[in-house]
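Residue numbers (the working numbering): 126 to 432.
One structure is given here, and the rest of the page talks about it.
Here it is in structure tokens:
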């Protein structure tokens, strides 16, 4: 559920940036995401053993850091009301994410198997780059933000070859975890968006390299959706949400980046059209996931009430 919360909060923020008239979507989506996280916290309070089981699980444990990433996005909405509180929440979210990363590394190092490697494993070591996208610009925290970005990029580049090898040469990913393949679209876009958010003088070479990887990965996932969207619904469908939104965010940042003058007007137009196209796809897919999620939860609620 935390993955869905992250996707919803990010989509509301993205739409409000592209269409200022819909500015209310940013705080509303943040509230909805916060409510979903609250439900998750209540679940673990009542079932603490489930939390440990989830942390130890090779797939679920890799997805749990999306809760910290969601809090980072929420902190950006809080900044409109209290800069201090937003900064504290942002820092706490970073601590939470690093804690979940440590837990993930601990459990996976104890029982590592190559066939357990799935794209959601990018989330713990790269996901904290969301802190860069949500960075408030405070000069005292600039070194921290830059450090997180460099760590995220390094982890991404180190893990990517192993992930590609596993997907191409390893055993087939079980059907119930195949939706995590969509996460492949996220890291490059996230690193690009984070770079343009925190670096005072982004290098054109870095921007265009990350942009190229981001577009290729996103288009590859679009092709994968032909099969992925036909799978029976499961909570893992939440993996479809954030990767699509961060792709829109990253390209829109390139379009508005002062250094985009390196691009011809033709290429800028292509990128602008790509922003609108990816936004439409993101809204459609996230709406699809939300509808099925509601049906899934209602089905569980009905089954519990009858039992």
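Virtual Cβ for every residue (Gly too), placed ideally from N, Cα, C.
Item checked: Closest residue to residue 314 among 378, 386, 230 (Cα-Cα distance) -> Per the Cα distances, 378.
Note to self: Check whether the region 409-425 and the region 141-158 touch, using three or more Cβ-Cβ pairs below 8 Å as the test.
What the structure shows: Because the criterion of three Cβ pairs below 8 Å is not met, the region 409-425 and the region 141-158 do not touch.
Notebook entry, point to check: Expressed to the nearest angstrom, what Euclidean distance is found between the alpha-carbon atoms of residue 278 and residue 296?
Noted result: Near 27 Å, if we compare the C-alpha coordinates of residue 296 and residue 278.
Check: Around the C-beta of residue 246, are 16 or more other C-beta atoms found within 10 angstroms, so that it is buried, or is it exposed?
Finding: Classification for residue 246: buried.
Next item on the list: Please state if the CB of residue 342 and the CB of residue 255 are separated by a distance shorter than 8 Å.
Entry: Not in contact: residue 255 and residue 342 (Cβ atoms no closer than 8 Å).
Item checked: Cβ shell of residue 356 (< 7 Å), same chain only, five flanking positions each side left out -> Residues of the same chain with a CB within less than 7 Å of the CB of residue 356, apart from the 5 flanking positions on each side, are 300, 303, 304 in chain order.
Notebook entry, point to check: Closest by CA to residue 325, which one among 157, 347, 271, 242?
Noted result: Comparing alpha carbon positions, the residue from 157, 347, 271, 242 closest to residue 325 is 271.
Next item on the list: Measure the CB-CB distance between residue 199 and residue 210 and report whether it falls below 8 Å.
Entry: No.
Margin query: Counting C-beta neighbours from all protein chains within 10 Å, is the total for residue 222 16 or more, i.e. buried, or is it exposed?
Written below: Classification for residue 222: buried.
Note to self: So, under 8 Å CB-CB, residue 398 and residue 307 are touching, yes? Tell me the CB distance rounded to an integer number of Å.
What the structure shows: Between residue 398 and residue 307 a beta carbon distance of about 22 Å is seen, past the 8 Å cut, so the two are scored as non-contacting.
Item checked: Three-state secondary structure assigned by DSSP to residue 322 -> DSSP, read as helix, strand or coil, puts residue 322 in helix.
Checklist line | Cβ-Cβ distance between residue 274 and residue 320 below 8 Å | finding: One thing to note: residue 274 has its Cβ within 8 Å of the Cβ of residue 320.
Check: Would you say residue 129 and residue 370 are within 8 Å of each other, going by their C-beta atoms?
Finding: In this structure, residue 129 sits away from residue 370, with a CB-CB distance that is not shorter than 8 Å.
Next item on the list: Check residue 250 in the structure and name its three-state DSSP category.
Entry: Look at residue 250 here: in three-state DSSP terms it is helix.
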